[in-house]
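Those letters in the sequence shown? Residues 290 to 793, by my numbering.
Please read the structure below before turning to the comments.
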Amino acid sequence: PRIPLNVNSKVDRRKLPVPTPSGRNAGLMPSNEMEKKLWDIFADVLGLEEVFADDSFFAIGGTSISASKLVVSCMNNGIPLVYKNVFDNPTPKALAEFLKGYSNKQVERKEIVRKDSGVLAYNVPENLDEISRKPIGDVLLAGATGFLGIHVLKEVIDLGEGSVTCLIRGNKKQSAEDRLKTMLMYYFGGSIDESAIGRIKVIEADITDHDLVDVLSKEHIDTIINCAAIVKHFAFDDTIENVNHYGVKNLIEVALDHDAVLMHTSTLSVAGESVNDSIPENVLLREDMLDFGQDLENKYVHSKFMGEKEIIDSIEKDGLKGKIFRAGNLMSRESDGEFQINFATNSFMRSIRSYVLLGCYPVEDLDAEAEFSPIDMTAKALVTLAGTPEKFTVFNGNNPHCVHMYNVIDVLRKNGFEIRIVGRDEFNKVFAEKLKDEKVAEEISGLISYMGNNGETRRQIGSDNRYTVKALYRLGFSWPIIDIDYIDRAIRSLETFRFFGNRK
């Protein structure tokens with residue numbers, strides 16, 4: 290039989306037959322009570338008769354979806370396990386050893402030690418009087434078929450400062466050019482005229498190709514904009530690192546070869562986490578910071594951190610004309626509320642859907658800030674900043690105008706979704722009860738994914754973007770103020786696809 294492939298011409302693991310233990314060499318048997326518990330849960334979740342203590346969950350049929358089932362089953366059996374633990378410790382034996390060691394783990398408040406390059410020191414408000422912008426010329430764009438990339442392409446074409454060469458990988462269903470045309474039609478219809486289309490060139494390649502420098506050697510490139518990224522936060526292979534870290538190294542080589550500016554899209558998530566208050570709450574990620582002792586255990590966050598580090602190191606050592614744009618919570622267009630085609634991958638909206646399914650929200654969190662960075666305005670900000678002088682290297686590119694979660698929940702309720710406001714204890718009870726329902730548990734796995742282990746508190750470290758906001762003001766750009774109408778358009782846009790399920 291033929292190996293099933295997905296749309297990216299890679300092996301579709303979901304369509305592979307589930308392996309059975311028969312024919313495998315006998316592995317280790319459980320050696321203690323915890324290993325035996327995990328051994329039984331592995332077998333139950335994967336529908337296998339026998340699992341060995343040294344069997345990797347993902348090697349015997351596990352996927353990211355079934356990993357959430359494993360976590361739910363562990364939680365229902367009193368085992369304090371979270372999503373990322375499965376990826377870091379994929380065997381019953383490794384998980385048992387992790388849990389044993391974790392019970393004795395103590396995290397102390399750290400002395401904040403900055404390990405940043407001097408390159409970042411220039412990114413402070415005192416230097417902004419020197420900021421200006423020049424045309425970015427001919428652009429090489431990576432990630433053009435993504436939500437941000439396609440809007441960056443539209444912005445560059447509309448500016449008319451040069452041509453755009455897009456790196457796109459084709460597949461068996463569509464050529465690279467057809468993939469791009471499909472995305473342009475989906476997001477913009479016929480609003481791009483033929484003369485603009487004529488300034489777009491497609492090269493069938495991606496940033497992980499080892500021969501990328503040779504492939505692009507004859508192209509004229511003034512500016513490289515990298516919007517390519519793997520945005521899933523957990524994986525059992527090296528896919529995330531290959532694109533988010535090593536792909537950036539390839540683009541650095543291309544930029545150096547062409548003496549081009551490299552504008553790299555990163556994320557404010559590189560701020561990392563504070564575990565058990567190891568980083569004080571008053572410490573925020575600024576544009577002159579990267580490495581300050583934050584927790585970077587999340588695979589996606591670590592890969593984006595390493596991508597930034599590669600660029601900063603190359604600026605310092607090789608003279609790279611590098612810039613980093615840390616994007617915020619990418620949301621629907623400000624102009625018309627259009628959302629991304631693969632909306633189910635948006636982590637913020639998945640968490641909102643989880644609260645809809647739970648039917649409640651904790652009153653203690655109603656004043657939590659919710660940040661919406663409209664995708665069209667984010668693209669405009671990125672392209673604007675790409676043309677700034679070399680010494681301006683890092684920008685925190687999120688919308689400073691936040692709303693409270695109360696506003697989001699209120700809009701959902703006005704759209705007919707029943708969400709009760711309850712105390713923390715009642716919310717936790719509802720959550721624990723819903724975890725017993727396998728179908729619902731899968732849907733609320735977005736909340737499970739970022740919970741801490743038993744007795745552990747994890748807090749996402751915030752950011753400060755006043756420097757970037759001031760820079761953009763000087764360049765004639767301002768972020769829109771998010772209002773109830775914008776949130777309502779975003780909710781209604783997703784509601785047409787029944788993203789939130791049925792109203793109660």
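By construction, the Cβ of each residue, glycine as well, lies at the ideal position given by its N, Cα and C atoms.
Out of the options, state which residue places its alpha-carbon closest to the alpha-carbon of residue i.
i      : options                           : result
Ser362 : Lys725, Glu386, Asp625 and Val758 : Lys725
Thr794 : Glu576, Glu444, Gly712 and Gly407 : Nothing can be reported for residue 794: it is not among the residues displayed for the chain, which extend from 290 to 793.
Glu763 : Thr434, Lys326, Arg787 and Leu417 : Looking at the sequence itself, residue 763 is Arg, so the reference to Glu does not match. The candidate whose alpha carbon is nearest that of Arg763 is Leu417.
Ser353 : Arg458, Met318 and Glu731         : Glu731
Glu419 : Phe681, Phe347, Trp328 and Leu505 : Phe681
Thr512 : Val645, Asp329, Ser452 and Lys718 : Ser452
Pro379 : Gly390, Ser345 and Lys389         : Ser345
Val537 : Val375, Val502 and Asp665         : Val502
Leu574 : Val711, Asn687, Ile773 and Ile330 : Asn687
Thr667 : Ala549, Phe614, Ile519 and Asn321 : Phe614
Gly435 : Asp772, Ile750, Asp714 and Asp665 : Asp665
Phe477 : Lys462, His440 and Thr497         : His440
Ala657 : Met694, Ser636 and Gly676         : Met694
Cutting at 8 Å between CB atoms, please list the residues of its own chain near residue i, excluding the five before and the five after it.
i      : result
Leu761 : Ala670, Thr673, Leu674, Ser767 and Trp768
Gly312 : Note that Gly312 scores 44 on pLDDT, short of 50, meaning its location in the model is unreliable; the coordinates nonetheless yield the value given after this. So no residue of the chain qualifies.
Phe788 : Phe632, Ala633, Met638 and Arg642
Val719 : Leu647, Gly648, Cys649 and Val711
Thr785 : none
I need the boundaries of the alpha helix (DSSP H) containing residue i, first residue and last residue.
i      : result
Tyr476 : Ala465 to Phe477
Tyr411 : Segment: none, Tyr411 is in no alpha helix (DSSP H) and carries neither H nor E.
Phe614 : Phe614 -> not in any alpha helix (DSSP H); beta strand (DSSP E) instead, spanning Lys610 to Ala616.
Ser362 : Ser353 to Asn365
Ser484 : Glu483 to Ile486
Glu493 : Run containing Glu493: none in the alpha helix (DSSP H); it sits in the beta strand (DSSP E), Ile489 to Glu493.
Ile773 : Ile773 to Glu784
Phe684 : No alpha helix (DSSP H) holds Phe684; the beta strand (DSSP E) holding it covers Val683 to Gly686.
Arg244 : Absent from the structure is residue 244, since the part of the chain shown begins at 290 and ends at 793.
Tyr372 : Tyr372 to Asp377
Lys497 : A quick correction: the sequence has Thr, not Lys, at residue 497. Premise fails: Thr497 is in no alpha helix (DSSP H) and is neither H nor E.
His770 : Reading off the sequence, residue 770 comes out as Ile, not His. Per DSSP, Ile770 belongs to no alpha helix (DSSP H) and is neither H nor E.
Tyr762 : Arg755 to Arg763
Just to confirm, are residue i and residue j a CB contact at a threshold of 8 Å?
i      : j      : result
Tyr650 : Ile708 : yes
Gly316 : Asp333 : no
Cys516 : Gly432 : yes
Glu493 : Ala465 : yes
Val247 : Leu646 : With the chain running from 290 to 793 in the structure shown, residue 247 is simply not present.
Ala385 : Leu335 : no
Lys612 : Leu551 : yes
Tyr589 : Val683 : no
Ile601 : Leu579 : yes
Val697 : Ala721 : no
Glu322 : Lys382 : no
Val652 : Ile776 : no
Ile514 : Val428 : yes
Met318 : Phe341 : yes
Ala485 : Ser752 : no
Lys358 : Glu727 : yes
Asp495 : Arg468 : no
Glu605 : Val408 : yes
Check for me: the beta strand (DSSP E) holding residue i runs from which residue to which?
i      : result
Ala600 : First, the amino acid is wrong: residue 600 is Ile here, not Ala. Ile600 -> not in any beta strand (DSSP E); alpha helix (DSSP H) instead, spanning Lys588 to Asp607.
Leu456 : Val453 to Ile457
Cys649 : Cys649 to Pro651
Asn515 : Thr512 to Asn515
His553 : Val550 to Thr556
Glu562 : Glu562 to Val564
Val428 : Val428 to Ala431
Arg748 : Arg747 to Gln749
Arg709 : Arg709 to Val711
Near residue i, which residues of its chain fall below 7 Å by C-beta distance, leaving aside the five closest residues on each side in sequence?
i      : result
Ala779 : Met620, Ser621, Gly626 and Phe628
Leu545 : Asp607 and Leu609
Asn241 : Nothing about residue 241 can be reported from this structure: the residues present for the chain run from 290 to 793 only.
Gly426 : Glu450, Gly451, Asp511 and Thr512
Phe387 : Asn374 and Asn378
Arg302 : A caution first: Arg302 carries a pLDDT of 49, below 50, which makes its placement in the model too unreliable to give a value.
Excluding the five sequence neighbours on either side, which residues of its own chain have a C-beta within less than 6 Å of the C-beta of residue i, listed in chain order?
i      : result
Pro308 : Unreliable placement is indicated for Pro308, whose pLDDT of 49 sits below 50; no coordinate value is reported for it.
Glu338 : none
Lys703 : none
Tyr411 : Lys680
Gly438 : Gly432 and Cys516
Ile489 : Val453
Val396 : At Val396, the pLDDT of 47 sits below 50, so the modelled position is not reliable and the matter cannot be decided from this model.
Pro424 : Glu450
Would you say residue i reaches chain B, if we count a Cβ-Cβ gap shorter than 8 Å as a contact?
i      : result
Val645 : Annotation note: the requested chain B is absent from the structure, which comprises a single protein chain.
Original post:
If we count Cβ pairs, one from each stretch, closer than 8 Å, do we get three or more for the segment 552-564 versus the segment 587-598?
Top reply: yes
Original post:
Can you find at least 3 beta carbon pairs, one from the segment 502-516 and one from the segment 465-473, that sit closer than 8 Å?
Top reply: no
Original post:
Okay, do the segment 532-541 and the segment 436-447 touch, 3+ Cβ pairs below 8 Å being the bar?
Top reply: no
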